[in-house]
Structures are given as structure tokens and as C-alpha cells.
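*Asks:* Under our numbering, the first residue of the sequence shown is numbered 22, with each subsequent residue one higher.
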Amino acid sequence: MQSVDRSQFPKLKNDLIIRAALGETVERPPCWIMRQAGRYLPEYHKVKDGRDFFETCRDAEIASEITIQPVRRYAGLLDAAIIFSDILVIPQALGMKVEMIDGKGPHFPEPLRTVEDMQKVLNYHSDVLKELDWAFRAITVTRHKLNGQVPLLGFCGGPWTLMVYMTEGGGSRLFRYAKQWLNEFPELTHKLLQKITDVAVEFLAQQVVAGAQMLQVFESWGGELGSRDFDEFSLPYIRQISQKLPLRLKDLGIHEKIPLTIFSKGSWYALDKLCSSGYNAVSLDWSWDPKEAVKINADRVTLQGNLDPGVIYGTDEIIRKRVEEMISGFGGGKSNYIVNFGHGTHPFMDPEKIKFFLEQCHRVGSL
Ligand code: CP3
22 MQSVDRSQFP KLKNDLIIRA ALGETVERPP CWIMRQAGRY LPEYHKVKDG RDFFETCRDA
82 EIASEITIQP VRRYAGLLDA AIIFSDILVI PQALGMKVEM IDGKGPHFPE PLRTVEDMQK
142 VLNYHSDVLK ELDWAFRAIT VTRHKLNGQV PLLGFCGGPW TLMVYMTEGG GSRLFRYAKQ
202 WLNEFPELTH KLLQKITDVA VEFLAQQVVA GAQMLQVFES WGGELGSRDF DEFSLPYIRQ
262 ISQKLPLRLK DLGIHEKIPL TIFSKGSWYA LDKLCSSGYN AVSLDWSWDP KEAVKINADR
322 VTLQGNLDPG VIYGTDEIIR KRVEEMISGF GGGKSNYIVN FGHGTHPFMD PEKIKFFLEQ
382 CHRVGSL
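1. Counting along the chain, where does the alpha helix (DSSP H) carrying P131 start and finish?
2. Would you say the beta carbon of G299 comes nearer than 7 angstroms to a heavy atom of the ligand CP3?
3. What separation, rounded to the nearest whole angstrom, lies between the Cα atoms of I283 and V222?
4. At which residues does the beta strand (DSSP E) containing E120 begin and terminate?
5. Taking C-beta to C-beta, are L273 and A233 nearer than 8 angstroms?
6. Taking M235 as part of the beta strand (DSSP E), name the residues at either end of that continuous run.
7. Say yes only if the C-beta of L109 is nearer than 7 angstroms to one or more non-hydrogen atoms of the ligand CP3, and no if none qualify.
8. How would you write the range of the alpha helix (DSSP H) that F369 sits in, first residue to last?
9. Are the Cβ atoms of I359 and Q381 separated by less than 8 angstroms?
10. Shortest alpha-carbon distance to G247 belongs to which of G287, S241, E45 and P257?
11. Locate the beta strand (DSSP E) running through R360, then write down its first and last residues.
12. How is the alpha helix (DSSP H) around L37 delimited, first residue to last?
13. In angstroms, rounded to a whole number, what distance separates the CA positions of N35 and E48?
14. Exposed or buried, which one is Q201 when buried takes at least 16 other CB atoms within 10 Å?
15. Where in the segment 91-115 do unbroken runs of the alpha helix (DSSP H), each at least 4 residues long, occur, reported from the N-terminal end onward?
16. Quick check: A159 and S85, are their CB atoms within less than 8 angstroms of each other?
17. So, is S387 buried or exposed, given that buried needs 16 or more other C-beta atoms within 10 angstroms?
18. Find out if the Cβ-Cβ distance for the pair Y392, M370 is shorter than 8 angstroms.
19. State the DSSP-derived secondary structure class of F378, mapped to helix, strand or coil.
20. What are the residues that DSSP puts in a beta bridge with L174?
21. Report the residue ranges of all beta strand (DSSP E) runs contained in full by the segment 296-347; include only those spanning at least 3 residues, in chain order.
22. With C-beta atoms as the reference, is M184 less than 8 angstroms away from L214?
23. Smallest Cα separation from H165: which of V332, E253, A319 and D26?
24. Do T210 and Q261 have their CB atoms nearer than 8 angstroms?
25. So, do the segment 114-125 and the segment 72-79 have three or more beta carbon pairs nearer to each other than 8 angstroms?
26. Between W181 and G243, is the Cβ-Cβ spacing less than 8 angstroms?
27. Express the C-alpha separation of E245 and L292 in angstroms, rounding to a whole number.
28. With burial defined as no fewer than 16 other Cβ atoms inside 10 Å of the residue's Cβ, what is the status of A96: buried or exposed?
What follows is the structure in C-alpha cells.
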């Protein structure tokens, strides 16, 4: 396991996103994009060179290079880097096998289907520092290589979203197994969600020790739960993360404020609650009219989002208009709003169009 001398990290030259996330009105909305590194970039394929996805994440040199690629390509246009990794490393730290199949996505050869399967994970002693040692190394190397140009974001999956992958065995349309667990074995479900939450808190805290300067929790399947089940199976665990993380960071000797963002995709019914869940920022998918979200938020948190990624397939004229509408909807350039997509980039996107989008965000955001 590595030991990190945090005093040796390069000085941060662009702290726009940190200040915005902590509620400061900044000179222009900071910009980053979910999945800003990855398959739409030709330089990603070049470096990945046909390697297995998780092998790529585990190699600190390669993972750091891929993380920095978009920052380099869009020089001066991106205000954050996000470490190249995946939310599915927590199930791996809980002893589960996860494969990434080209063109298909994640695959768990042994998903949780029986009470015995569940007990096995519940009894697994996860030493996060040891199991995810490679993830912390990649963060430390990347933080040094970034040389303070922009902050480095760490992340993890939301407990409910991770449970979906662990029980379904991959992506899903019906969520048959995950929903069966919720409704047939709610007590075991809560135990699993608690176990994932405990690992998530430790994983996030150790990412900060390793060099992460801001954190995001991705509850990507939040919208699959209705309001009632979200309140029982997602929100309490999301709240635990925001409550326990600062305590754990203090324990670890970290006293600076580390901004924390929650992205719960499709949870339109929960925005009011998410704004009072102890997070600094709430990231929105594109179903939201920014003005509505601003009203509901009532200045409690920093809002992030929410361009429909599909707009990137549009004409320059449409992209320009959508950027103007989005930024003015969130309160204009001088605010604490953070530009992002409502979900990740697609592999088919033209990197030049994304550049145009970012340039427009800078133009409109600086008005
Ligand atoms: O640039 C970044 O945003 C950082 C890296 C990152 C990846 N995954 C890399 C990745 C991040 C933040 C994630 C998070 C993630 N992973 C989420 C939450 C965000 C979201 O999209 O909702 C989820 C649900 C996953 C699980 C996952 N990983 C899926 C469903 C897939 C397959 C589908 C897809 O988009 O490819 C992955 C694979 C994955 N994660 C890739 C990348 C670059 C593609 C792998 C490849 O190169 O073949």
C-alpha cells in the first residue's frame, strides 16, 4: 500500500469548480463532462490498445494518461479531470468478479441470486485500502501529473445502483432481480446496501487521501425506484455517505472541505430531498427545466448539469442555443452553477462538437 505525502502535491492553479461547489459566486461557470475520457476520443483507443478495460484502470500510468487526455485536448476549456475508473470497483472490493465485455458493457459471471450468495458478500471482510490499492495509486500519479492545472475528481457508485449491477449481473431493462430482492427480502437488501455504503465511505475518504480534490456519487439507476422506494432504499444510504465522509476524513487528518456531489439520474421526484441531503452539489439529468430546479433548490446547493448529450449530434446553431438556454436557466454566468451533461458522452460523439460545446459554455458563461 502506498503512503502519500500530501504536502508534495502541486499547487492548484484553477479552483473554479471547488469554489462554485462550495457555494461561491464565481466569475464563469466551471465546466466538465461526465465520461469526458473514453471511447469517443481516438487517443483513448490508441493508449488502450485493445487491453481489457479493468486492466487499463489498474495501470496507474495508463489510467492517468487517459484521465488527462481530455484536459490536454480541450486545453483551458475543462475545469476538472475525473479519474479514469468505474463504479463497479466496489463490487470487486466485495469479492465479486466483474468483466467488461466490448460492445456489451459490464458482466458479473456470478450475480447475487440466492440467500447464500448474499450471505457470502455480507460476510466478506473488505479491506478497501488493500483491495483498491491500484485505484489510489492511479489517483496519486494523476494528481502529480495534472500539475495543478485543474482539480482531480474521485467518485463511487450509489449503493442502490451498485446493488442493481450485483444482483442483475449487468445492465438491465426490467430490474427483475434487484426488485425481487427489495420486495421479497427487504431486510437482506438493507444489509447489503449498508455493506456497500460502508465500503463507499471508506473508498471515497481514501481517494481524498490519495489526492482526489472533489467527489461525486453516481446513483445512475435512482430513477428506477419510485418515490416511496427511493426514500427507503436509496436516500438513507446516500445521506449516510454525506454524513459519515467528513467524520472519516477528519479521522484521517484531512481538515479541508472536500466538495461532494450527488447525481441521481431520473430521480425527478426527489430533487427537494436531494438538496437537503448534506451534499454540496446536485447534478441533474436533462429532464429538468433548469429554472424549475433552481426554484426547488432555493439556494441550498450548487446545481450541476444538464445538457441532453444528444444535443452534441446537432448543428452548431442548436448547440449554441441550448447552451444559452441552459446557462441562463441556471442563473447565468456569475453564479455557483457547474456546467455538465445530463449524463455521459456517447462513443459516437465527434470530439470537435464537444469542443464547440465547451467554447460556447465559456463564451456564454463569461458574458
Ligand atoms: O471520464 C469519466 O467520466 C471517468 C470514468 C468513468 C467510467 N465509468 C469509465 C468507463 C466513470 C465516472 C464511470 C462511471 C460509471 N460506470 C457509471 C456511472 C455514470 C453513468 O454512466 O451512469 C456507471 C453506471 C458505470 C457502469 C458501466 N461502466 C457501464 C454501464 C459501462 C458500459 C456502458 C458504456 O458506457 O460503455 C461501463 C464501461 C465503461 N466505464 C467505459 C468507460 C470509459 C467503456 C469501457 C470501454 O472502453 O470499453
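For every residue, glycine included, the Cβ atom is placed at its ideal position computed from N, Cα and C.
Predicted model, so just to flag it, every value in this text is computed and none were measured.
*Replies:* Working from what's here:
1. The sequence shown places Glu at residue 131, not Pro. Segment: none, E131 is in no alpha helix (DSSP H) and carries neither H nor E.
2. no
3. 14 angstroms
4. E120 to I122
5. no
6. M235 to E240
7. yes
8. Per DSSP, F369 belongs to no alpha helix (DSSP H) and is neither H nor E.
9. no
10. G287
11. The sequence shown places Val at residue 360, rather than the Arg named in the question. Note, V360: beta strand (DSSP E), I359 to F362.
12. L37 to A42
13. 12 angstroms
14. exposed
15. 110-114
16. yes
17. exposed
18. Beyond the ends of the chain as shown, which are 22 and 388, falls residue 392; an answer cannot be given.
19. helix
20. I103 and M235
21. 302-304 and 323-328
22. yes
23. D26
24. no
25. yes
26. yes
27. 15 angstroms
28. exposed
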